[in-house]
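> Just passing along the structure, written as structure tokens.
There are 2 protein chains.
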Amino acid sequence: MISKEQIASEYQLIQNEICAGLEMLDGKAKFSEELWEREGGGGGKTRVLENGNVLEKGGVNFSAVHGQLPVLLKQSFKVNDNRFFATGVSIVIHPNHPMVPIIHMNIRYFEMNENIRWFGGGIDVTPHYVFEEDARFFHQHLKAVCDDYNDQFYSKFKKWADDYFFIKHRNETRGIGGIFYDRLNPESAEISWEQIFEFSKAVGRSFIPIYSELVSRNRNKQYDDLNKQWQYQRRSRYVEFNLVYDAGTKFGLETNGRIESILMSLPPQANWAYNFQPAEGSEEERTVSLLQKGIDWV
Amino acid sequence: MISKEQIASEYQLIQNEICAGLEMLDGKAKFSEELWEREGGGGGKTRVLENGNVLEKGGVNFSAVHGQLPVLLKQSFKVNDNRFFATGVSIVIHPNHPMVPIIHMNIRYFEMNENIRWFGGGIDVTPHYVFEEDARFFHQHLKAVCDDYNDQFYSKFKKWADDYFFIKHRNETRGIGGIFYDRLNPESAEISWEQIFEFSKAVGRSFIPIYSELVSRNRNKQYDDLNKQWQYQRRSRYVEFNLVYDAGTKFGLETNGRIESILMSLPPQANWAYNFQPAEGSEEERTVSLLQKGIDWV
Numbered sequence: 009m010i011s012k013e014q015i016a017s018e019y020q021l022i023q024n025e026i027c028a029g030l031e032m033l034d035g036k037a038k039f040s041e042e043l044w045e046r047e048g049g050g051g052g053k054t055r056v057l058e059n060g061n062v063l064e065k066g067g068v069n070f071s072a073v074h075g076q077l078p079v080l081l082k083q084s085f086k087v088n089d090n091r092f093f094a095t096g097v098s099i100v101i102h103p104n105h106p107m108v109p110i111i112h113m114n115i116r117y118f119e120m121n122e123n124i125r126w127f128g129g130g131i132d133v134t135p136h137y138v139f140e141e142d143a144r145f146f147h148q149h150l151k152a153v154c155d156d157y158n159d160q161f162y163s164k165f166k167k168w169a170d171d172y173f174f175i176k177h178r179n180e181t182r183g184i185g186g187i188f189y190d191r192l193n194p195e196s197a198e199i200s201w202e203q204i205f206e207f208s209k210a211v212g213r214s215f216i217p218i219y220s221e222l223v224s225r226n227r228n229k230q231y232d233d234l235n236k237q238w239q240y241q242r243r244s245r246y247v248e249f250n251l252v253y254d255a256g257t258k259f260g261l262e263t264n265g266r267i268e269s270i271l272m273s274l275p276p277q278a279n280w281a282y283n284f285q286p287a288e289g290s291e292e293e294r295t296v297s298l299l300q301k302g303i304d305w306v
Numbered sequence: 009m010i011s012k013e014q015i016a017s018e019y020q021l022i023q024n025e026i027c028a029g030l031e032m033l034d035g036k037a038k039f040s041e042e043l044w045e046r047e048g049g050g051g052g053k054t055r056v057l058e059n060g061n062v063l064e065k066g067g068v069n070f071s072a073v074h075g076q077l078p079v080l081l082k083q084s085f086k087v088n089d090n091r092f093f094a095t096g097v098s099i100v101i102h103p104n105h106p107m108v109p110i111i112h113m114n115i116r117y118f119e120m121n122e123n124i125r126w127f128g129g130g131i132d133v134t135p136h137y138v139f140e141e142d143a144r145f146f147h148q149h150l151k152a153v154c155d156d157y158n159d160q161f162y163s164k165f166k167k168w169a170d171d172y173f174f175i176k177h178r179n180e181t182r183g184i185g186g187i188f189y190d191r192l193n194p195e196s197a198e199i200s201w202e203q204i205f206e207f208s209k210a211v212g213r214s215f216i217p218i219y220s221e222l223v224s225r226n227r228n229k230q231y232d233d234l235n236k237q238w239q240y241q242r243r244s245r246y247v248e249f250n251l252v253y254d255a256g257t258k259f260g261l262e263t264n265g266r267i268e269s270i271l272m273s274l275p276p277q278a279n280w281a282y283n284f285q286p287a288e289g290s291e292e293e294r295t296v297s298l299l300q301k302g303i304d305w306v
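If you're matching them up, the sequences are chains P and B in order.
Start counting at 1 in the first sequence, then tack on 8, and there's your number in this note's numbering.
Start counting at 1 in the second sequence, then tack on 8, and there's your number in this note's numbering.
Here you go:
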């Protein structure tokens, strides 16, 4: 049986690999690191990079925390013994280039009082401009990662991502989705704990190949002022999603998490023009038309 | 007894007066207007101004809506007959000048099934840089408005604003506060309905004299790039408050309100640098030290 120490230790390796990969990809920016401790137990390593050649702001956060769950959460779990352990790696990258997409990845493991345990995670992409061939590449890559473990994973987790990364008040998805999964255990996953752990690591290790490809394809494209303005508008939708709906952010804000680590996901700059509408027949309009659930990119 | 039509009609006059006053104050920008209708009944007039001499983005929204309350709210009111009527004027102004403060004002009236009725509202100021003499002027002016109706109002509503306009996860107030009140009726206010209505109008009509003074005092001050960067950082806190805590915004998002009217309060541009900290002994640090509850500005 895999121990929580093993999981945390592999997750740290993945954080290291991803940071090294991103520095190589960018060619200029270097991560700075802050170690932090949590009052109730455990802590983390927040790594942030800013003002790179193409990565304008990015965070790769590792944490492994433990202690007693807050009373409210304890009640929702209906348990007496509320000691918990949680570890994970979370990433958000905001590129400076409007043709390069924003990306988010998270892998996590949670256990409570030795009876409850599960893995969760996901990876999703938010292009400022949707390019169909990139969306296909991304989803095909994810499908291949999933298919190695269970041939139901991709369709199930793709739909979960569509539903989760949805900005209800705008009636649009945050981006082109990806995969999202939670509470994965042998019963729900129909594979062993060892295989679920392997799957979790495979999702983590898919990040660099995926993002390197998406950056390489788009970083040398031309763009103008209008494209930049559109990028800032799209980023404001990202802010709206994260502050209004994102479960991880809400959990962090409510449980007194380390605020700068939680909000490292927010973009370096976002703009809200009143009632900003894309021009008819424009690339911007085409992008918005693709921000909906249920598109089959594979 | 004042009718709801009378209240809505006076509120529209106040919207007109304020828009005229703001155009005069700015000297360049003009409001554009959008009329909208609510599916369940009623509608509003959203007026927005952008890229003025000093007012970079401002909205003055009037609405008068009626219909049936959503089921969830109906339950929380414990009533069978859930027909409601609500009218109000809401304002948020983001100036381009970092020494000029952001301002927010709201007056509103709500009634349900002829038994429940109340007034609510408030006015508060969010300086990017806190100037003590401006904060004193602002609070003294508010105290004078309040004292005309009930000499308990100011201290009660000032504390209410301190508690309401508080960014819990940052452990700082949104700005220097002001007044906030809700569910005001003759029982809670110890004055008649007519006097409460007069108080509501007086709050609305205090907006132009207050903001004109705050703009005039500061619009010709020098500023540099650092001041602008700080302004963008402070605006990101404003976004955090409005999307995470503001009751009006949450209500609007949950009840399918007109999204651009609800989110007109968000700034034209906001920046999130990772772990942005003011320099020791700087004006920025001094400002943060004054963003706390319970300061007596009078």
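No residue lacks a Cβ here, since even glycine has one placed at the ideal position from N, Cα and C.
In this text the structure is predicted, and so the values were computed from the model without any measurement.
State the DSSP-derived secondary structure class of B/Val-138, mapped to helix, strand or coil.
Along the second sequence, read from residue 1 onward, the residue named residue 138 of chain B stands at position 130. Three-state DSSP puts B/Val-138 in coil, outside helix and strand.
> Beta-carbon within less than 8 Å of B/Val-73's beta-carbon, same chain only, minus the 5 sequence neighbours each way: which residues are those?
The residue you call residue 73 of chain B lines up with position 65 of the second sequence. Here the set comprises Arg-46, Gly-48, Gly-49, Gly-50, Gly-51, Gly-52, Phe-93, Ala-94 and Thr-95.
> Is the beta carbon of B/Ile-204 sitting closer than 8 Å to the one on B/Phe-118?
One-based indexing of the second sequence puts residue 204 of chain B at position 196. One-based indexing of the second sequence puts residue 118 of chain B at position 110. No; because the gap between Cβ atoms is not below 8 Å, this pair is not in contact.
> Measure the beta-carbon distance from B/Val-68 to B/Val-223 and round it to whole angstroms, keeping in mind my assumption that it falls under 8 Å.
As a first step, residue 68 of chain B is located in the second sequence; it is residue number 60 there, counting from the start. As a first step, residue 223 of chain B is located in the second sequence; it is residue number 215 there, counting from the start. Incorrect: roughly 15 Å between the Cβ atoms, too far for contact.
> When every heavy atom of the ligand NAP is checked, does at least one fall within less than 7 Å of the C-beta of P/Phe-173?
Judged by which ligands are present, the structure shown has none, so any question about the ligand NAP falls away.
> Using the Cβ count rule (16 or more neighbours within 10 Å means buried), how would you classify P/Ser-196?
Locating residue 196 of chain P in the first sequence gives position 188, counting from the first residue. Exposed, since its Cβ has fewer than 16 Cβ neighbours within 10 Å.
> Pull up the CB-CB distance for P/Leu-251 and B/Leu-261, whole angstroms please, since I reckon it's below 8 Å.
The sequence position of residue 251 of chain P within the first sequence is 243, counting from 1. The sequence position of residue 261 of chain B within the second sequence is 253, counting from 1. Incorrect: roughly 11 Å between the Cβ atoms, too far for contact.
> In angstroms with no decimal places, state the Cα-to-Cα distance between B/Leu-57 and P/Phe-284.
On the second sequence, residue 57 of chain B is found 49 positions in, with the first residue counted as 1. On the first sequence, residue 284 of chain P is found 276 positions in, with the first residue counted as 1. Approximately 13 Å between the Cα atoms of the pair.
> Using only alpha-carbon positions, find the residue among B/Arg-225, B/Arg-213 and B/Val-306 that is nearest to B/Leu-21.
On the second sequence, residue 21 of chain B is found 13 positions in, with the first residue counted as 1. Minimum Cα distance to B/Leu-21 is reached at B/Arg-213.
> If you draw a straight line from the C-alpha of P/Glu-2 to the C-alpha of P/Asp-232, how long is it?
In the structure as shown, chain P starts at 9 and stops at 306, and residue 2 of chain P therefore has no counterpart that could be examined.
> Three or more beta-carbon pairs under 8 Å between the segment 143-156 of chain B and the segment 267-280 of chain B, yes or no?
As far as the Cβ criterion goes, the segment 143-156 of chain B does not touch the segment 267-280 of chain B, which means the pair count is below three.
> Are B/Gly-60 and B/Pro-135 closer than 8 Å when you measure CB to CB?
Position 52 of the second sequence, counting from 1, holds the residue named residue 60 of chain B. Position 127 of the second sequence, counting from 1, holds the residue named residue 135 of chain B. Not a contact, by the Cβ cut-off of 8 Å.
> Considering only residues of the same chain and omitting the five flanking positions on each side of P/Asp-190, which have a CB-CB separation below 6 Å?
Against the first sequence, residue 190 of chain P aligns to sequence position 182. Once the five neighbours on either side are set aside, the close Cβ partners of P/Asp-190 are Gly-128.
> Could you spell out where the beta strand (DSSP E) holding P/Asp-190 opens and where it closes?
The residue you call residue 190 of chain P lines up with position 182 of the first sequence. Start and end: 186-192.
> Counting only Cβ pairs nearer than 8 Å, list the residues of chain P close to B/Ile-267.
Against the second sequence, residue 267 of chain B aligns to sequence position 259. What B/Ile-267 touches in chain P: His-177 and Arg-178.
> Since B/Gln-277 meets chain A, which of its residues come closer than 9 Å, beta carbon to beta carbon?
In summary, chain A is missing from the structure at hand, where the protein chains are P and B.
> For B/Tyr-246 and B/Gly-29, what's the separation of their Cα atoms in angstroms?
On the second sequence, residue 246 of chain B is found 238 positions in, with the first residue counted as 1. On the second sequence, residue 29 of chain B is found 21 positions in, with the first residue counted as 1. Those two C-alpha atoms are separated by around 24 Å.
> Compare the beta carbon distance of B/Asn-279 and B/Tyr-240 with 8 Å and say whether it is the shorter of the two.
Numbered from 1 along the second sequence, position 271 holds the residue referred to as residue 279 of chain B. Numbered from 1 along the second sequence, position 232 holds the residue referred to as residue 240 of chain B. Yes; because the gap between Cβ atoms is below 8 Å, this pair is in contact.
> Identify every residue that forms a DSSP beta bridge with P/Tyr-117.
Locating residue 117 of chain P in the first sequence gives position 109, where the first residue counts as 1. DSSP, once it has assigned bridges, lists P/Thr-95 and P/Phe-127 as partnering P/Tyr-117.
> Quick one: grab the DSSP three-state call for B/Lys-86.
Locating residue 86 of chain B in the second sequence gives position 78, where the first residue counts as 1. It is coil, neither helix nor strand.
> To be precise: take each residue of the segment 121-136 of chain B, compare its Cβ to all Cβ atoms of chain P, and keep it if any distance is under 8 Å. Which residues remain?
Against chain P - using a Cβ distance shorter than 8 Å - the segment 121-136 of chain B contributes no residues.
> Does DSSP classify B/Lys-36 as helix, strand or coil?
The residue you call residue 36 of chain B lines up with position 28 of the second sequence. In the structure shown, B/Lys-36 sits in coil (DSSP, three-state: anything other than H, G, I, E or B).
> P/Arg-294: buried (16+ other C-beta within 10 angstroms of its C-beta) or exposed?
The residue given as residue 294 of chain P occupies position 286 in the first sequence. Looking at its Cβ environment, which holds fewer than 16 other Cβ atoms inside 10 Å, P/Arg-294 is exposed.
> Tell me the rounded alpha-carbon separation between B/Leu-192 and P/Met-107.
Position 184 of the second sequence, counted from the start, is the residue given in the question as residue 192 of chain B. Position 99 of the first sequence, counted from the start, is the residue given in the question as residue 107 of chain P. About 52 Å.
> If the cut is a Cβ gap below 9 Å, which residues of chain P does B/Lys-65 touch?
Numbered from its first residue, the second sequence carries residue 65 of chain B at position 57. What B/Lys-65 touches in chain P: Trp-280, Ala-281 and Tyr-282.
> For B/Gly-66 and P/Arg-227, I'd like the C-alpha separation in whole angstroms.
Translated into the one-based positions of the second sequence, residue 66 of chain B becomes position 58. Translated into the one-based positions of the first sequence, residue 227 of chain P becomes position 219. The alpha-carbon atoms of B/Gly-66 and P/Arg-227 are separated by roughly 36 Å.
> Thinking C-alpha only, which one of P/Tyr-219, P/Ser-297 and P/Asp-132 is nearest P/Phe-188?
Against the first sequence, residue 188 of chain P aligns to sequence position 180. Taking only the C-alpha atoms, the option nearest P/Phe-188 is P/Asp-132.
> For a contact defined as C-beta to C-beta under 7 Å, what are the partners of B/Leu-77 on chain P?
Counting from one through the second sequence, the residue named residue 77 of chain B turns up at place 69. In chain order: nothing, as chain P lies at least about 19 Å away.
> For B/Val-138, count the other beta carbons within 10 Å of its own beta carbon; 16 or more makes it buried, fewer makes it exposed. Which is it?
As a working mapping, residue 138 of chain B is identified with position 130 in the second sequence. Buried, since its Cβ has 16 or more Cβ neighbours within 10 Å.
> Note the first and the last residue of the continuous alpha helix (DSSP H) segment covering B/Gln-241.
Stepping through the second sequence from its first residue, residue 241 of chain B is reached at position 233. 233-252 is the span of the alpha helix (DSSP H), which, as asked, contains B/Gln-241.
> Helix, strand or coil, according to DSSP, for P/Ile-175 in the structure here?
Locating residue 175 of chain P in the first sequence gives position 167, where the first residue counts as 1. In the structure shown, P/Ile-175 sits in a strand (DSSP, three-state: E or B).
> Identify the contact partners of P/Trp-248 in chain B, using a Cβ-Cβ distance below 7 Å as the criterion.
The residue given as residue 248 of chain P occupies position 240 in the first sequence. A quick correction: the sequence has Glu, not Trp, at residue 248 of chain P. The contacting residues are Leu-251.
> Would you check if the distance between the CB atom of B/Trp-305 and the CB atom of B/Arg-144 is smaller than 8 Å?
Within the second sequence, the letter at position 297 stands for residue 305 of chain B. Within the second sequence, the letter at position 136 stands for residue 144 of chain B. In this structure, B/Arg-144 lies closer than 8 Å to B/Trp-305 by Cβ.
> Would you mind telling me which residues of chain P sit closer than 7 Å to B/Glu-58, beta carbon to beta carbon, in chain order?
Locating residue 58 of chain B in the second sequence gives position 50, counting from the first residue. Ordered by position in chain P, the residues that pass the 7 Å Cβ test against B/Glu-58 are Tyr-282.
> Tell me which same chain residues have a C-beta within less than 7 Å of the C-beta of P/Gly-302, skipping the five on either side of it?
In the first sequence, counting from the first residue as 1, residue 302 of chain P sits at position 294. Asp-170, listed in sequence order.
> Just the Cα atoms here: how many angstroms apart are P/Asn-24 and P/Lys-209?
Translated into positions along the first sequence, residue 24 of chain P becomes position 16. Translated into positions along the first sequence, residue 209 of chain P becomes position 201. Going from the Cα of P/Asn-24 to the Cα of P/Lys-209 covers about 13 Å.
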